[in-house]
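Quick note: the sequence shown, position 179, residue 170 per our numbering, numbers continuous.
Yeah, the Cβ is synthetic: ideal placement off N, Cα and C, and Gly gets one too.
Small disclaimer: the values here were computed from a predicted structure and weren't measured.
Worksheet for the structure shown next.
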Amino acid sequence: MERKTSPRGVPGVIDGLSAIRLRPMLLAACLCAVLTLPVAWNARTFVSNDGISYLDMAVNTIRHGPGYLLTNGSWSPGYPALLAVILKLVHPSPASESAVVHSLDWAICAVTYFCFTYFFVNFLRWIHLVHGPGLDKGLGFLGVLIFAYTLLFVSNIDISLWLVGPNIMVEGVAYLIAGVCIRLRLPDSRFIHQAALGALMALAYVTKAAMFPLSLALLGFFLVDRKSTRLNSSHL
-8 MERKTSPRGV PGVIDGLSAI RLRPMLLAAC LCAVLTLPVA WNARTFVSND GISYLDMAVN
52 TIRHGPGYLL TNGSWSPGYP ALLAVILKLV HPSPASESAV VHSLDWAICA VTYFCFTYFF
112 VNFLRWIHLV HGPGLDKGLG FLGVLIFAYT LLFVSNIDIS LWLVGPNIMV EGVAYLIAGV
172 CIRLRLPDSR FIHQAALGAL MALAYVTKAA MFPLSLALLG FFLVDRKSTR LNSSHL
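Here you go:
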């Protein structure tokens, strides 16, 4: 059955914002961040060979200036730039340096949980718009919420993510990119979301070079699929 509404007045979008309960998602993200604290603490002495390279980049950046980040041909500058800022502000002793670095990794992980929340909200809005209400309230919503954030938390207790490196940061950026991509397919998307997608893809590349070809592939998809980038509310 068809129902015609203007993009600004799509019931599934506007009503979905109030129907999807944001507060439980934010509480779940905070809970995941708290539960991840012991993981970061247990990994406070773990540093891989790649992690040592990132630390060396950060230290050399402090000594020689930010230009050093751009002259390094092995590692992307995003994560070591954050390391350099934190080490410059805190001035940790050699004995506590690893703990400070892992504290930064935990903070990045906590932000990642909220990046996932942005993706999750837009995903549920899309479901609400296309398929109608169902997963945005009651036991259905609670079950999806518990499953999603449990899976998210479990995926971030892998010790390989805590050996000092940009992987958790890349994860958070990927969630934001996915969330913006879904947001662009909603009828009330605006130019700012397109600009945000470009900025996030640039940030992904700065964080890890492997994200560059993936960003090109995503841009190619949007160029090919430009006619159906937004959901046509007149066919819902």
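Under the three-state reduction of DSSP, which class applies to isoleucine 148: helix, strand or coil? Here residue 148 is taken as the residue at index 157 of the sequence shown, counted from 1. Note: isoleucine 148 maps to coil in three-state DSSP.
Compute the distance between the beta-carbons of valine 164 and alanine 200, then report whether it is under 8 Å. Translated into the one-based positions of the sequence shown, residue 164 becomes position 173. Translated into the one-based positions of the sequence shown, residue 200 becomes position 209. Alanine 200 is positioned such that its CB atom lies no closer than 8 Å to that of valine 164.
Should leucine 46 and leucine 73 be called a contact, given that it needs their Cβ atoms to be closer than 8 Å? Your numbering for residue 46 matches position 55 in the sequence shown. Your numbering for residue 73 matches position 82 in the sequence shown. No.
Does the contact criterion of 3 or more C-beta pairs under 8 Å hold for the stretch 61 to 70 versus the stretch 150 to 158? Yes, the stretch 61 to 70 touches the stretch 150 to 158.
Does the Cβ-Cβ distance between glycine 170 and phenylalanine 212 come in under 8 Å? Position 179 of the sequence shown, counted from the start, is the residue given in the question as residue 170. Position 221 of the sequence shown, counted from the start, is the residue given in the question as residue 212. No, they are not a contact pair.
Taking all protein chains shown into account, decide if alanine 193 is buried (16 or more other Cβ within 10 angstroms of its Cβ) or exposed. As a working note, residue 193 is residue 202 in the sequence shown. Flag for alanine 193 reads exposed.
In chain order, what are the residue ranges of uninterrupted alpha helix (DSSP H) at least 4 long that sit wholly in the stretch 18 to 76? Listed in chain order, they are 40 to 55, 58 to 62.
So for serine 180, helix, strand or coil by DSSP? By one-based count along the sequence shown, residue 180 stands at place 189. Coil.
For valine 155, does the three-state DSSP call read helix, strand or coil? Taking the first residue of the sequence shown as position 1, residue 155 is located at position 164. The answer is coil: DSSP assigns valine 155 none of H, G, I, E or B.
Suppose the cutoff is 6 Å on Cβ atoms and the five residues either side in sequence are ignored; what does the same chain contact list for glycine 3 look like? Locating residue 3 in the sequence shown gives position 12, counting from the first residue. The pLDDT assigned to glycine 3 is 42, lower than 50, so where the model puts this residue is not dependable; a value taken from the coordinates is nonetheless given after this. Within the same chain, glycine 3 has close Cβ partners His119, Leu120.
Range of the contiguous alpha helix (DSSP H) that encloses alanine 101: The residue given as residue 101 occupies position 110 in the sequence shown. Residue range 88 to 122 is occupied by the alpha helix (DSSP H) that includes alanine 101.
Considering only residues of the same chain and omitting the five flanking positions on each side of leucine 205, which have a CB-CB separation below 8 Å? On the sequence shown, residue 205 is found 214 positions in, with the first residue counted as 1. Once the five neighbours on either side are set aside, the close Cβ partners of leucine 205 are Ala195.
7 Å CB neighbourhood of arginine 35 in its chain, flanking five on each side removed: Here residue 35 refers to the residue found at position 44 of the sequence shown. Hits under 7 Å: Ser89, Ala90, His93.
Threonine 62 versus tryptophan 117: straight-line alpha-carbon distance, rounded: Reading the sequence shown from its first residue, position 71 is the one you call residue 62. Reading the sequence shown from its first residue, position 126 is the one you call residue 117. Approximately 43 Å, taken between the alpha carbons.
Beta carbon of alanine 19, beta carbon of tyrosine 140: below 8 Å? Within the sequence shown, numbered from 1, the residue matching residue 19 stands at position 28. Within the sequence shown, numbered from 1, the residue matching residue 140 stands at position 149. Yes.
Beta-carbon contacts of tryptophan 97 that lie in its chain and below 6 Å, excluding the five residues immediately before and after: Here residue 97 is taken as the residue at index 106 of the sequence shown, counted from 1. Answer for tryptophan 97: Ala31, listed in chain order.
Nearest to serine 44 by alpha carbon, out of Ala24, Cys106, Ala75, Ile148? Here residue 44 refers to the residue found at position 53 when the sequence shown is read from its first residue. Of the listed residues, the one whose Cα sits closest to serine 44 is Ala75.
Apply the 10 Å Cβ neighbour rule to glycine 42 and answer buried if 16 or more other Cβ atoms are within range, or exposed otherwise. As a first step, residue 42 is located in the sequence shown; it is residue number 51 there, counting from the start. Classification for glycine 42: buried.
Can you tell me which of Cys100, Cys172, Phe203 puts its alpha carbon nearest to the alpha carbon of leucine 188? What you label residue 188 is simply residue 197 of the sequence shown in a count that begins at 1. The shortest Cα separation from leucine 188 among Cys100, Cys172, Phe203 belongs to Cys172.
Integer-rounded CB distance, given that methionine 16 should sit under 8 Å from valine 161: Your numbering for residue 161 matches position 170 in the sequence shown. Your numbering for residue 16 matches position 25 in the sequence shown. Incorrect: roughly 22 Å between the Cβ atoms, too far for contact.
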